[in-house]
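Comments concern the structure below.
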Amino acid sequence: MTLFQVFVYGTLLQGEQNHHVVAPYVTHIETGAVYGWLHSVADLYPALVLDSSAPRVEGEWLTVNEKGLQAMDRLEGYYGEGKRNDYERVFVTDVDGKKEGFVYVYSSERAKHLPRIGTSWRAYKQSYECGFK
1 MTLFQVFVYG TLLQGEQNHH VVAPYVTHIE TGAVYGWLHS VADLYPALVL
51 DSSAPRVEGE WLTVNEKGLQ AMDRLEGYYG EGKRNDYERV FVTDVDGKKE
101 GFVYVYSSER AKHLPRIGTS WRAYKQSYEC GFK
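First residue of the sequence shown: 1, per the UniProt record's numbering; consecutive thereafter.
Here is the structure:
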């Protein structure tokens, strides 16, 4: 069975509203971080823009099987390389250099009109700025 490492930073985190989509396919979860910025898409979910000069975006590394990766592709609107995707699936290395795998990201061009919300989706949700309370 092929397994994949995927860095998640928003609604696919444990305890968040879309974790159930991938939960049946997860074999391991580990905390991690990548360099970048989170942007809010209508206060519903975050979009990550990778940036090696940015702060650490906190998240989790999920180990999933092929069905799990396919479920995440559907949720994130990823249809394949060169397609019109909502998110792109790219390869990334954790800030500690010990973990690597896929992550779903927005391009900086696509995110430039979205508000930057920092580096933690959970912290943003708990803030007074957002209607999640």
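For every residue, glycine included, the Cβ atom is placed at its ideal position computed from N, Cα and C.
Quick caveat: nothing in here was measured; it's all calculated off a predicted structure.
Residue environment for H39: buried (at least 16 other C-beta atoms within 10 angstroms of its C-beta). For V34 against L50, the beta-carbon gap comes to about 7 Å, under 8 Å, which counts as contact. Exclusion of the five residues before and after T31 leaves E60 as the residues of its chain whose Cβ lies within less than 7 Å of its Cβ.
Pairwise C-beta distances place the segment 79–96 out of contact with the segment 111–122, as fewer than three of them are shorter than 8 Å. If you draw a straight line from the Cα of T119 to the Cα of A47, it comes to about 11 Å.
In the three-state reduction of the DSSP assignment, S40 falls in the strand class. Y25 places its beta carbon less than 8 Å from that of V64. In this model, G82 and F7 are separated by some 21 Å (Cα to Cα).
In this structure, V92 sits near E100, with a CB-CB distance shorter than 8 Å.
Taking each of E88, Q5, S53, I29 in turn and checking the Cα distance to S107, the smallest one comes out for E88.
The Cβ atoms of Q14 and I29 sit closer than 8 Å to each other.
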